[in-house]
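Novice: Using this note's numbering, the first residue of the sequence shown is number 17, and each one after it goes up by one.
Positions of the beta carbon are idealized from the N, C-alpha and C atoms, including for glycine.
Sharing a structure with you now.
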Amino acid sequence: MSLYDFYKKELRRIAWRLQYRSKVTLTREGQLKLDIIKGSSFLDEADSKLFVTELINSLESPKARQILIKIYVENKSEKEIASEMNITQQGVNKWKRKSLKLLSQNSSLWS
């Protein structure tokens with residue numbers, strides 16, 4: 017195997033790992049798509065963010081509010097939040113799923 021082939025193979029491996037890691041992160045963390053509720057104008061976007069923030073603030077737990085705001089408003093990853101709050105990424109994920117489930121149940125009651 018020539019030096020060229022070796023580096024070509026290594027670059028492919030690195031590219032595959034990066035692509036796989038980003039796919040796993042996106043799947044695991046499942047970013048909320050504000051595009052669904054976002055309109056075309058700046059005011060619609062501001063209203064959507066305000067709506068999401070108000071919805072998050074309706075949660076009783078301060079920890080749940082803090083985690084959801086960091087994920088969906090500040091666009092931070094679960095890993096970043098875990099290191100900031102000194103909890104595991106799994107803990108952040110559990111808080112997120114639990115909080116989203118509560119919000120889903122509460123929003124179905126409002127309808």
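How big is the Cα-Cα spacing for residue 26 and residue 35?
Specialist: Here residue 26 corresponds to residue number 10 of the sequence shown, with the count starting at 1. Here residue 35 corresponds to residue number 19 of the sequence shown, with the count starting at 1. Taking the straight line from one Cα to the other gives about 14 Å.
Novice: Classify residue 91 as helix, strand or coil using the three-state DSSP reduction.
Specialist: Here residue 91 refers to the residue found at position 75 when the sequence shown is read from its first residue. In the structure shown, residue 91 sits in coil (DSSP, three-state: anything other than H, G, I, E or B).
Novice: If you check the beta carbons only, do residue 72 and residue 112 fall under 7 Å apart?
Specialist: For the purposes of this step, residue 72 is taken as the residue at position 56 of the sequence shown. For the purposes of this step, residue 112 is taken as the residue at position 96 of the sequence shown. Not a contact, by the Cβ cut-off of 7 Å.
Novice: Among 69, 31, 29 and 119, whose alpha-carbon lies nearest the alpha-carbon of residue 91?
Specialist: Numbered from 1 along the sequence shown, position 75 holds the residue referred to as residue 91. Nearest C-alpha to residue 91: 69.
Novice: Counting only beta-carbon atoms, is residue 38 nearer than 7 Å to chain C?
Specialist: Protein chain content of the structure displayed is limited to a single chain, and chain C is not contained in it.
Novice: State the Cα-Cα distance for the pair residue 77 and residue 40, rounded to the nearest angstrom.
Specialist: Taking the first residue of the sequence shown as 1, we reach residue 77 at position 61. Taking the first residue of the sequence shown as 1, we reach residue 40 at position 24. In a straight line, the C-alpha of residue 77 is about 28 Å away from that of residue 40.
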